[in-house]
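Student: Before we start, here is the structure in question, set down as structure tokens.
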Amino acid sequence: MTASVLDCDVPVQEEEYDLPVRKFKVTDDKPHWFYCGQVGHCPAGMVFAVNPPKKGNTFKKFEKMARQTGEKW
1 MTASVLDCDV PVQEEEYDLP VRKFKVTDDK PHWFYCGQVG HCPAGMVFAV
51 NPPKKGNTFK KFEKMARQTG EKW
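In this text, residue positions in the sequence shown follow my numbering: the first is 1, and each later residue adds one.
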């Protein structure tokens, strides 16, 4: 599994509603894996996938691997 990192270090004020948006255009049916590069976010499960397979390298497996990395918050 190869994943792309997201820049999660985007400070926002509490009660702010005009939040930053990232767009990702899906052009195929292959799995795409993403994780947050901020310290402590992967172990907290801040990951997502587009088109994850139901068998083999599943989202559940990806999330489990992410939770086993780095230091916790």
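Backbone N, C-alpha and C fix where the C-beta goes; we use that ideal spot for every residue, glycine too.
To test your reading of the DSSP string, which unbroken alpha helix (DSSP H) runs of 4 or more residues are found completely within the segment 14-48?
Tutor: You should have found no qualifying run.
Student: Would you kindly report the start and end of the unbroken alpha helix (DSSP H) that includes K64?
Tutor: That run of the alpha helix (DSSP H) goes 59-67.
Student: Closest to F24 by CA distance: which of D18, W33, Q68, Y17 is it?
Tutor: Nearest C-alpha to F24: W33.
Student: For V10, name the three-state secondary structure that DSSP assigns.
Tutor: Correct three-state label for V10: coil.
Student: Measuring straight from C-alpha to C-alpha, what distance separates T2 and V39?
Tutor: Approximately 19 Å, taken between the alpha carbons.
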